[in-house]
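Have a look at the structure below before the remarks.
Protein chains: 2
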Amino acid sequence: MKFTIQRDQLMDSVQDVMKAISSRTTIPILTGMKIEATTEGVKLTGSDSDISIESFIPREDDGIVYVENIEPGSIVLQAKYFPDIVRKLPQQTVEIEVDDHLNVSIRSGSAEFHLNGQDAEEYPHLPQLSTEQSFEVPIDLLKDLIRQTVFAVSTSETRPILTGVNMKVEDENLSFVATDSHRLASRDIPLKEQAQNLSFNNVVIPGKSLTELNKILGDSQESIVISVTENQILFRTKNLYFLSRLLDGNYPETSRLIPDQTKTLVTIDTKELLQSIDRAALLAKENRNSVVKLTTKENNQIEITSNSPEIGKVVEEVHAEVVEGEDLKISFSAKYMMDSLKIMDTDKVHIQFTGAMRPFLIRPNEDEQILQLILPVRTY
Amino acid sequence: MKFTIQRDQLMDSVQDVMKAISSRTTIPILTGMKIEATTEGVKLTGSDSDISIESFIPREDDGIVYVENIEPGSIVLQAKYFPDIVRKLPQQTVEIEVDDHLNVSIRSGSAEFHLNGQDAEEYPHLPQLSTEQSFEVPIDLLKDLIRQTVFAVSTSETRPILTGVNMKVEDENLSFVATDSHRLASRDIPLKEQAQNLSFNNVVIPGKSLTELNKILGDSQESIVISVTENQILFRTKNLYFLSRLLDGNYPETSRLIPDQTKTLVTIDTKELLQSIDRAALLAKENRNSVVKLTTKENNQIEITSNSPEIGKVVEEVHAEVVEGEDLKISFSAKYMMDSLKIMDTDKVHIQFTGAMRPFLIRPNEDEQILQLILPVRTY
Chain A
1 MKFTIQRDQL
11 MDSVQDVMKA
21 ISSRTTIPIL
31 TGMKIEATTE
41 GVKLTGSDSD
51 ISIESFIPRE
61 DDGIVYVENI
71 EPGSIVLQAK
81 YFPDIVRKLP
91 QQTVEIEVDD
101 HLNVSIRSGS
111 AEFHLNGQDA
121 EEYPHLPQLS
131 TEQSFEVPID
141 LLKDLIRQTV
151 FAVSTSETRP
161 ILTGVNMKVE
171 DENLSFVATD
181 SHRLASRDIP
191 LKEQAQNLSF
201 NNVVIPGKSL
211 TELNKILGDS
221 QESIVISVTE
231 NQILFRTKNL
241 YFLSRLLDGN
251 YPETSRLIPD
261 QTKTLVTIDT
271 KELLQSIDRA
281 ALLAKENRNS
291 VVKLTTKENN
301 QIEITSNSPE
311 IGKVVEEVHA
321 EVVEGEDLKI
331 SFSAKYMMDS
341 LKIMDTDKVH
351 IQFTGAMRPF
361 LIRPNEDEQI
371 LQLILPVRTY
Chain B
1 MKFTIQRDQL
11 MDSVQDVMKA
21 ISSRTTIPIL
31 TGMKIEATTE
41 GVKLTGSDSD
51 ISIESFIPRE
61 DDGIVYVENI
71 EPGSIVLQAK
81 YFPDIVRKLP
91 QQTVEIEVDD
101 HLNVSIRSGS
111 AEFHLNGQDA
121 EEYPHLPQLS
131 TEQSFEVPID
141 LLKDLIRQTV
151 FAVSTSETRP
161 ILTGVNMKVE
171 DENLSFVATD
181 SHRLASRDIP
191 LKEQAQNLSF
201 NNVVIPGKSL
211 TELNKILGDS
221 QESIVISVTE
231 NQILFRTKNL
241 YFLSRLLDGN
251 YPETSRLIPD
261 QTKTLVTIDT
271 KELLQSIDRA
281 ALLAKENRNS
291 VVKLTTKENN
301 QIEITSNSPE
311 IGKVVEEVHA
321 EVVEGEDLKI
331 SFSAKYMMDS
341 LKIMDTDKVH
351 IQFTGAMRPF
361 LIRPNEDEQI
371 LQLILPVRTY
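Following this line, the structure appears as structure tokens:
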């Protein structure tokens, strides 16, 4: 194998593929990165068996040449050293060559690295998915779906199914739902007509997979193709192939958690509320899991307080645009509330309460696609 | 106590003073920050008994008012929460007030914090230094002196005296020397006439104190006053008072370590050599403490190599401006060499070797004030 490649393109692909490579895998060859050169270009592969990522650098794209002098072949390189080597190469052009004894030479300017490679034949083959269950979404919308839900997955392995995000397609509507049983985050988007005959509701994608995918995808209005089989999901763009296993088990029915009435409605500036809860949380850190209290006051004022007897207390009033319905005193986790407010893209949010002991909803004021639910904390 | 203060100025001072406050101190009140308001302004104090820092915010400076409505008094606040509170306050103006029961109120906009304070009478008094041993240097030169030497102090407590930087004043010359017995860094600067009668050679300042001082001092050509007593050193600017204990014991005589002859002289581009050693060190990380080898070649070429049998090897040639004298093959710690090259401010450096088993010197090519010495590593 031999080729000459542009360092920046190689670096980008190496960084993407590294997100699937773990040094703690039980299959030794998976600590390496597979490099495959064909007449079309160079493909890098990384996998920890849960997630597999392939990144392709085409020989040329849009008239710009990225890879030259290709002699096809493949090799597996120790991933521990390769990213640092590429990053620190002195020149923009890099030559990679493998001899018959799996010795790899990496040359750039007057610097020359010689590494011991491993036989690419020993690298596991990635499964080829064949499925009719495919649909497309714009990349930036997929990134929104991930960002607005994945933070709410459970970090505890007590109920493993809750560490994933539930993806549903129904009636040409795509929804992501995540819950750790104390709060829930969901986001819907309409799908295009192509998804007419598509319907599934028990696809659960590990939160970690979505977090890594979100890091790799750049903001773009281009499409990404999502294909689902019984136990795997594939996200595919022109030069990226991101495969994740799915979680086993039945995702709980969450729709019945959503209260269908509102006793107190608050409409308030997202950022002002976020900052005031952030301040109240400062002194609540060591006290009952950062619990803050919200109280409706006269003249559309909302009071945010926290109290930690040994340290001190915080009191702040925030002016709300709307405060309607019953008076309310409610306590909740500052962290959950801040997580929810941070992913809102609108200046104002509606908060719908149904009493101090009932879950409450947070929605953007101009968008029905996002819904956040938080369970209050009992305080006496 | 009561005053109204500008948040940004308060924040800067709080951050400086925090550098002396440790949560692991054995004297509980030292986990707090002392705040003292006088008609002149507000003084913050932090101390871990090794380092004490006072930062003063004047009532007004250059016609700009920083503190208003002052009712003199003092209090000690828990340092764990205070910096975050100040950082997150909603408005630029902050009011701090203490009642008769040591309750502290911090108000900004509609946010109000109530903290439990401690009696400032219980806070230890900082020693007042009285000494004739004082001199002035420009702040930016002091920062250079620190930056160019402190990295070479020992991190091991085997010989505690080597964890400090030896400060000497002799013949109107100020020098800083640090060594961990494997390498040495020194920097001299001339003092102004005021230092005529000053002479000392066994002042040893803890490396940690200098590192913290360097973080606090901004780049400035203003002067800082340095005062030395038997066991303490004080650095003082208009609004800052930085006191550190000195290390006990005799600092070793280092001048005899400096070789007085040169068998091989190399003059080379600082950055090119640094980057090539950085690359060679990539594969040497797990192999004999990042040892790289330098070999003189024909045509003013220097070869930098490293070799880790299980991983691979790196070879790179760097063109030197001058290669004079005996041929040389020498091995040394890549880390020590990079540390030395990083603090050089000149484009080129002279490296003076006296054989493969002898310490070698690195100097800037246009400056005799900096001297770096590294002991080679034996390899067979």
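Residue numbers (UniProt numbering), protein chains in the order written: chain A, 1 to 380; chain B, 1 to 380. By construction, the Cβ of each residue, glycine as well, lies at the ideal position given by its N, Cα and C atoms.
*Contact list for R279 (chain B) against chain A, beta-carbon separation under 7 Å*: For the purposes of this step, residue 279 (chain B) is identified with residue 279 of the second sequence, where counting begins at 1. For R279 (chain B), the residues of chain A that pass the 7 Å Cβ criterion are K88 and A111, in the order they occur in the chain.
*How big is the Cα-Cα spacing for Q372 (chain A) and L361 (chain A)?*
Numbered from 1 along the first sequence, position 372 holds the residue referred to as residue 372 (chain A). Numbered from 1 along the first sequence, position 361 holds the residue referred to as residue 361 (chain A). Computed Cα separation, rounded: 6 Å.
*Using a beta-carbon distance cut-off of less than 7 Å, what residues from the stretch 115-126 of chain B approach chain E?*
Checking the listed chains, one finds no chain E in this structure; the protein chains it contains are A and B.
*Under the three-state DSSP convention, the category L375 (chain A) falls into*: What you label residue 375 (chain A) is simply residue 375 of the first sequence in a count that begins at 1. If DSSP states are grouped into helix, strand and coil, L375 (chain A) belongs with coil.
*Taking S55 (chain A) as the query, report the chain B residues whose CB atoms sit under 7 Å from its CB, ordered along the chain.*
Residue numbering aside, residue 55 (chain A) sits at position 55 when the first sequence is read from its first letter. Correct list: empty, because the minimum Cβ distance to chain B is about 22 Å.
*Within the 9 Å Cβ cut-off, does Q275 (chain A) reach chain B?*
As a first step, residue 275 (chain A) must be located in the first sequence, where it is residue number 275. Under the Cβ distance rule, Q275 (chain A) counts among the residues neighbouring chain B, one pair being separated by less than 9 Å.
*asked:* If you reduce the DSSP assignment to three classes, tell me which class R147 (chain A) lands in.
replied: Walking along the first sequence from the start, residue 147 (chain A) turns up at place 147. Reduced to three states, the DSSP call for R147 (chain A) is helix.
*Run through DSSP, which three-state label would A178 (chain B) get?*
As a first step, residue 178 (chain B) is located in the second sequence; it is residue number 178 there, counting from the start. It is a strand residue.
*Endpoints, alpha helix (DSSP H) assigned at V17 (chain A)*: What you label residue 17 (chain A) is simply residue 17 of the first sequence in a count that begins at 1. Taken as a continuous stretch (DSSP letters only), the alpha helix (DSSP H) holding V17 (chain A) covers R7 to M18.
*Please confirm if the stretch 78-88 of chain A is in contact with the stretch 230-243 of chain A, defined as three or more CB-CB distances below 8 Å between the two stretches.*
Between the stretch 78-88 of chain A and the stretch 230-243 of chain A, the count of Cβ pairs shorter than 8 Å is below three; the stretches do not touch.
*asked:* Any beta carbon from chain B within less than 9 Å of Q15 (chain A)'s own beta carbon?
replied: The sequence position of residue 15 (chain A) within the first sequence is 15, counting from 1. No, its Cβ sits nowhere closer than 9 Å to a Cβ of chain B.
*For Y336 (chain A), the first and last residue of its enclosing alpha helix (DSSP H)*: Position 336 of the first sequence holds residue 336 (chain A). A334 to K342 is the extent of the alpha helix (DSSP H) around Y336 (chain A).
*Using 8 Å as the Cβ pair cut-off and three pairs as the minimum, do the stretch 89-96 of chain A and the stretch 5-25 of chain A touch?*
With a cut-off of 8 Å, the stretch 5-25 of chain A and the stretch 89-96 of chain A count as touching, because enough Cβ pairs lie within range.
*asked:* Give me the chain B residues within the contact set of Q78 (chain A), using Cβ-Cβ distance strictly less than 8 Å, ordered along the chain.
replied: For the purposes of this step, residue 78 (chain A) is taken as residue 78 along the first sequence, with counting starting at 1. Ordered by position in chain B, the residues that pass the 8 Å Cβ test against Q78 (chain A) are I311.
*asked:* Any beta carbon from chain B within less than 9 Å of V204 (chain A)'s own beta carbon?
replied: The residue given as residue 204 (chain A) occupies position 204 in the first sequence. No, its Cβ sits nowhere closer than 9 Å to a Cβ of chain B.
*Considering K43 (chain B), what are the terminal residues of the beta strand (DSSP E) in which it resides?*
Taking the second sequence and counting its residues from 1, one reaches residue 43 (chain B) at position 43. G41 to S47 is the extent of the beta strand (DSSP E) around K43 (chain B).
*Output, in chain order, the set of chain A residues within a Cβ distance shorter than 8 Å of E317 (chain B).*
Position 317 of the second sequence, counted from the start, is the residue given in the question as residue 317 (chain B). Contacts between E317 (chain B) and chain A, judged by CB atoms closer than 8 Å, involve S110 in chain order.
_Min CB distance I29 (chain B) to chain A below 9 Å_ = For the purposes of this step, residue 29 (chain B) is taken as the residue at position 29 of the second sequence. Closer than 9 Å: no.
*Are the CB atoms of L198 (chain B) and V169 (chain B) nearer to each other than 9 Å?*
The residue you call residue 198 (chain B) lines up with position 198 of the second sequence. The residue you call residue 169 (chain B) lines up with position 169 of the second sequence. Yes, these two residues count as a Cβ contact at 9 Å.
*Taking 9 Å as the CB-CB limit, is D188 (chain B) close to chain A?*
Locating residue 188 (chain B) in the second sequence gives position 188, counting from the first residue. Interface with chain A (9 Å Cβ-Cβ cutoff): D188 (chain B) is excluded.
_Inter-residue spacing [alpha-carbon to alpha-carbon] between A356 (chain A) and L274 (chain A)_ = Here residue 356 (chain A) refers to the residue found at position 356 of the first sequence. Here residue 274 (chain A) refers to the residue found at position 274 of the first sequence. Looking at the two C-alpha atoms, the distance is approximately 20 Å.
_For the stretch 241-252 of chain A, list every residue whose C-beta sits within 9 Å of some C-beta in chain B, in sequence order._
Answer set for the stretch 241-252 of chain A: empty.
*Looking at C-alpha atoms only, which residue of B:V150, B:I64 and B:K293 is the closest neighbour of S179 (chain B)?*
Against the second sequence, residue 179 (chain B) aligns to sequence position 179. Note that residue 179 (chain B) is Thr in the sequence shown, not Ser. Measuring from the Cα of T179 (chain B), the nearest candidate turns out to be B:V150.
*asked:* Under DSSP, the alpha helix (DSSP H) around I85 (chain A) begins and ends at which residues?
replied: If you number the first sequence from 1, residue 85 (chain A) lands on position 85. DSSP places I85 (chain A) in the uninterrupted alpha helix (DSSP H) bounded by F82 to K88.
*Taking 9 Å as the cut-off, decide whether the C-beta atoms of L294 (chain B) and G312 (chain B) are in contact.*
Numbered from 1 along the second sequence, position 294 holds the residue referred to as residue 294 (chain B). Numbered from 1 along the second sequence, position 312 holds the residue referred to as residue 312 (chain B). Against a cut-off of 9 Å, the Cβ pair of G312 (chain B) and L294 (chain B) comes out as no contact.
_D140 (chain A), DSSP secondary structure in three states_ = Numbered from its first residue, the first sequence carries residue 140 (chain A) at position 140. Secondary structure of D140 (chain A) (DSSP, three-state): helix.
*Anyone know if the C-beta pair for L142 (chain B) and I224 (chain B) falls short of 9 Å?*
For the purposes of this step, residue 142 (chain B) is taken as residue 142 along the second sequence, with counting starting at 1. For the purposes of this step, residue 224 (chain B) is taken as residue 224 along the second sequence, with counting starting at 1. L142 (chain B) places its beta carbon less than 9 Å from that of I224 (chain B).
*Using a cut-off of 7 Å between C-beta atoms, extract the partners of D84 (chain A) located in chain B.*
In the first sequence, counting from the first residue as 1, residue 84 (chain A) sits at position 84. L282, listed in chain order.
*Cβ atoms of S74 (chain B) and A120 (chain B): under 9 Å apart, would you say?*
Position 120 of the second sequence, counted from the first residue, corresponds to residue 120 (chain B). Position 74 of the second sequence, counted from the first residue, corresponds to residue 74 (chain B). Taking 9 Å as the cut-off, the Cβ atoms of A120 (chain B) and S74 (chain B) count as close.
*What residues in its chain sit with their C-beta under 6 Å from that of I268 (chain B), if we drop five residues either side in the sequence?*
Residue mapping note: residue 268 (chain B) aligns to position 268 of the second sequence, counting from 1. Correct list, in chain order: A320.
*Starting from the Cα of I343 (chain B), find the closest Cα among B:Q369, B:V318 and B:P359 and give me that residue.*
Here residue 343 (chain B) refers to the residue found at position 343 when the second sequence is read from its first residue. Comparing alpha-carbon positions, the option among B:Q369, B:V318 and B:P359 lying closest to I343 (chain B) turns out to be B:Q369.
_I'd like to know whether the C-beta atoms of G63 (chain B) and P160 (chain B) end up nearer to each other than 9 Å._
Residue 63 (chain B) sits at position 63 when you count from the first residue of the second sequence. Residue 160 (chain B) sits at position 160 when you count from the first residue of the second sequence. Result no, Cβ atoms of G63 (chain B) and P160 (chain B) do not sit closer than 9 Å.
*Which whole-angstrom value describes the C-beta separation of V177 (chain B) and T163 (chain B), a residue pair presumed to lie in contact below a C-beta threshold of 8 Å?*
What you label residue 177 (chain B) is simply residue 177 of the second sequence in a count that begins at 1. What you label residue 163 (chain B) is simply residue 163 of the second sequence in a count that begins at 1. Here V177 (chain B) is actually not in contact with T163 (chain B); their C-beta atoms are around 13 Å apart, not less than 8 Å.
_Nonlocal neighbours in the same chain, by C-beta distance under 8 Å from K19 (chain B), ignoring five residues either side_ = Within the second sequence, numbered from 1, the residue matching residue 19 (chain B) stands at position 19. Contacts found: G46, I51, I53, E212, K215 and I216.
*Contact the stretch 317-337 of chain B vs the stretch 346-356 of chain B: 3+ CB pairs below 8 Å*: Between the stretch 317-337 of chain B and the stretch 346-356 of chain B there are three or more C-beta pairs closer than 8 Å, enough to call the two in contact.
*Along the beta strand (DSSP E) that carries A111 (chain A), what are the first and last residues, could you check?*
What you label residue 111 (chain A) is simply residue 111 of the first sequence in a count that begins at 1. Taken as a continuous stretch (DSSP letters only), the beta strand (DSSP E) holding A111 (chain A) covers A111 to N116.
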